[in-house]
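Comments concern the structure below.
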Amino acid sequence: MEEMKKIDQKVYEKTLKWIVRLLKKRKIQFNVLGGLAAYAYGSKRMLVDIDLTMKNEDFQKILSDVKDYVIEPPHFSKSENWECYYMELEKDGITIEIGGDKGCKFLDSKTRKWEKLGDSLSKPTIKEVFGIDLPIISKNKLIRYKKKLMREVDVIDLKNLS
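In this text, residue positions in the sequence shown follow the working numbering: the first is 2, and each later residue adds one.
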């Protein structure tokens, strides 16, 4: 198994609070995905990054606030497992990956076909994580895409979510 980088969880918490405060200040609707969403539902693996989704058109609203932390500016991106409008930030060593809500797809590891994530912003579950209320992608949607991606981190999360 690929070794996960060690992250100071206090720094992680501070960075999470920073980005959430910024998004709320700008009145931007967002949801939490990925490992942090799995953590909110009970997975206790080490958190290494922050995965969020928001409306494609809202990326421009935060650019002036995050300009010093931009690793990848908003653009259409295709990686090994994901295809979507995307921006990457890094603050205090913590990576913040933000995907857009329109046209986001992930690769099904079994069929090798791209599947739409679907509406990643609707009907979030509000969960308290590190003392803040966060809108989290529904557990069913999270499990659905993690079962299809089946990366090592997904396998760990799925064991902890069942």
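We treat Cβ as the ideally placed atom computed from N, Cα and C, and that holds for glycine.
Q. What does Met88 pair with, by DSSP beta-bridge criteria?
A. Ile99
**Q.** the stretch 36-50 in contact with the stretch 150-161 per 3-pair CB rule at 8 Å
**A.** yes
Q) CA-CA distance, Phe60 and Gly43? A) 30 Å
Q: Please state whether DSSP places Ile51 in a helix, a strand or coil.
A: strand
Q: Would you mind reading off the limits of the beta strand (DSSP E) that contains Phe107?
A: 106-108
Q) What is the rounded straight-line gap between the Cα of Ile133 and the Cα of Lys18? A) 8 Å
Q) Can Ile8 and Leu53 be called in contact, C-beta distance under 8 Å? A) no
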